[in-house]
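*Asks:* Pasting a structure below so you can have a look.
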Amino acid sequence: MIDTEALRNSVGELEEERVDALLDAFLASSPTEEDARAVLAAYQAGTDLVGERFEQGRYFVGDLVFAGSMFAAAVEKLKPLLGFSGGGHTVGTVILGTVEGDIHFIGKNLFKTMLEAASFRVIDIGIDQPPQAFADAAVRYDADIVGLSGLLTTAVDSMRETVEALKTAGVRRKVKVIIGGSIVTGDICIYSGADDWCRNAYEAVGKCRDWVGAAR
Ligand code: B12
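Each residue of the sequence shown is one higher than the one before, counting from 6 in the working numbering.
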């Protein structure tokens with residue numbers, strides 16, 4: 006099994022070669038799905054460290070994006086272990102975007118990578134997207150799920166307005182809505198009118214799989 010503390014610290018230090026070496030040794034050790042989940046959690050914790058160091062002025066935006074790309078590359082490699090198999094076909098369509106007024110996309114992109122690894126078709130409409138853009142995409146792509154990402158306090162009202170726009174467009178009963186990003190809580194979920202919330206992309210994928218009835 007991998008040394009998750011070493012992995013977390015190496016991700017936090019942006020030591021790509023060391024991270025790759027740890028991951029490759031892990032993959033060669035016949036790991037289980039549970040082991041793979043522990044590795045993902047260590048990546049997430051390492052990414053959080055990068056976020057903290059950014060706030061302390063030690064890292065720059067490019068470093069965060071780099072940490073996100075290391076995470077995405079790891080998800081690609083861990084995919085076969087994660088127990089998500091669509092049997093070659095897509096299990097559902099997700100409209101994903103960052104809500105109006107908010108431009109943060111690193112976590113959204115990680116969630117997208119994990120959804121795709123779990124055989125979802127993901128329509129990523131981008132950042133700072135108005136409520137109507139989510140509603141239009143949900144109708145156009147016959148969506149099963151709408152995912153709203155937001156990290157700013159102001160994103161909360163945008164999430165609520167987006168759920169309202171889905172109602173006005175007549176698709177709210179057909180789609181499940183999940184909100185995510187470091188700002189979300191159970192209270193915000195209720196306020197926004199979403200069906201569920203999650204700050205952990207891996208767990209959120211499990212919820213989405215349950216919604217579309219995909220076998221694990
Ligand atoms: C990087 C960053 C930036 C970068 C963004 C780069 C980019 N394009 O994404 C830059 C420098 C541009 C930026 C700008 C700003 N930022 Co900023 N930023 C951050 C920082 C340091 C890290 C965010 C991050 O990427 N984390 C790593 C990812 C992996 O984590 P995550 O997003 O939470 O995602 C995970 C989960 O939440 C989940 N997830 C994410 N989305 C979704 C969606 C769904 C549907 C689901 C299910 C799950 C899910 O999956 C991910 C993995 O598990 C945070 C602090 C922090 N520690 O969060 C501040 C932070 C979010 N920013 C903040 C602020 C204030 C701003 C600015 C307003 C600053 C300014 N005065 O200009 C602007 C906002 C501009 C705008 N209109 O959006 C505040 C927000 C405070 C608040 N409550 O409102 C924070 C909390 C910093 C702070 N402590 O003050 N920021």
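By construction, the Cβ of each residue, glycine as well, lies at the ideal position given by its N, Cα and C atoms.
Hey, is the region 177-197 in contact with the region 120-132, meaning 3+ C-beta pairs nearer than 8 Å?
*Replies:* No, because fewer than three Cβ pairs between the region 177-197 and the region 120-132 fall closer than 8 Å, the two stretches do not touch.
*Asks:* Can you determine whether any heavy atom of ligand 1 sits closer than 7 Å to the C-beta of Gly67, and answer yes or no?
*Replies:* For ligand 1, not one heavy atom lies less than 7 Å from the Cβ of Gly67.
*Asks:* Report yes if the CB atom of Ser163 is closer than 8 Å to the CB atom of Val104, and no otherwise.
*Replies:* It is a contact, given that the beta carbons lie within the stated cut-off.
*Asks:* Pick from Ile7, Ala72 and Thr37: whose alpha carbon is nearest that of Gly53?
*Replies:* It is Asp, not Gly, that sits at residue 53 in the sequence shown. Per the Cα distances, Ala72.
*Asks:* How is Gln134 classed by DSSP in three states: helix, strand or coil?
*Replies:* Strand, per DSSP.
*Asks:* How many angstroms separate the CA atom of Ile188 from the CA atom of Lys82?
*Replies:* Whole-angstrom Cα-Cα distance: 29 Å.
*Asks:* Any idea which residues DSSP pairs Gly152 with across the strands?
*Replies:* Answer is Leu101 and Ile183.
*Asks:* Following the continuous alpha helix (DSSP H) through Asp192, name the residue where it begins and the one where it ends.
*Replies:* Here the alpha helix (DSSP H) through Asp192 covers Gly191 to Ser197.
*Asks:* Straight-line CA distance for Gln49 to Ala33?
*Replies:* Distance between the alpha carbons of Gln49 and Ala33 is about 22 Å.
*Asks:* Count the other CB atoms within 10 Å of the CB of Val66; is the residue buried (16 or more) or exposed (fewer)?
*Replies:* So Val66 counts as exposed.
*Asks:* Once DSSP output is grouped into helix, strand and coil, what is the label at Ile188?
*Replies:* Ile188 falls in the coil class under three-state DSSP.
*Asks:* Using the beta-carbon count (16 or more within 10 Å), is Gln61 buried or exposed?
*Replies:* Gln61 should be labelled exposed.
*Asks:* What are the boundary residues of the alpha helix (DSSP H) that Asp201 is part of?
*Replies:* Asp201 -> not in any alpha helix (DSSP H); beta strand (DSSP E) instead, spanning Asp201 to Cys203.
*Asks:* Report yes if the C-beta distance between Gly152 and Ile100 is below 8 Å; otherwise report no.
*Replies:* Contact: yes.
*Asks:* In three-state terms, what does DSSP make of Phe65?
*Replies:* It is coil, neither helix nor strand.
*Asks:* With distances taken Cα to Cα, identify the nearest neighbour of Pro36 among Val55, Gln134, Leu86 and Ala11.
*Replies:* That would be Leu86, whose Cα lies nearest to the Cα of Pro36.
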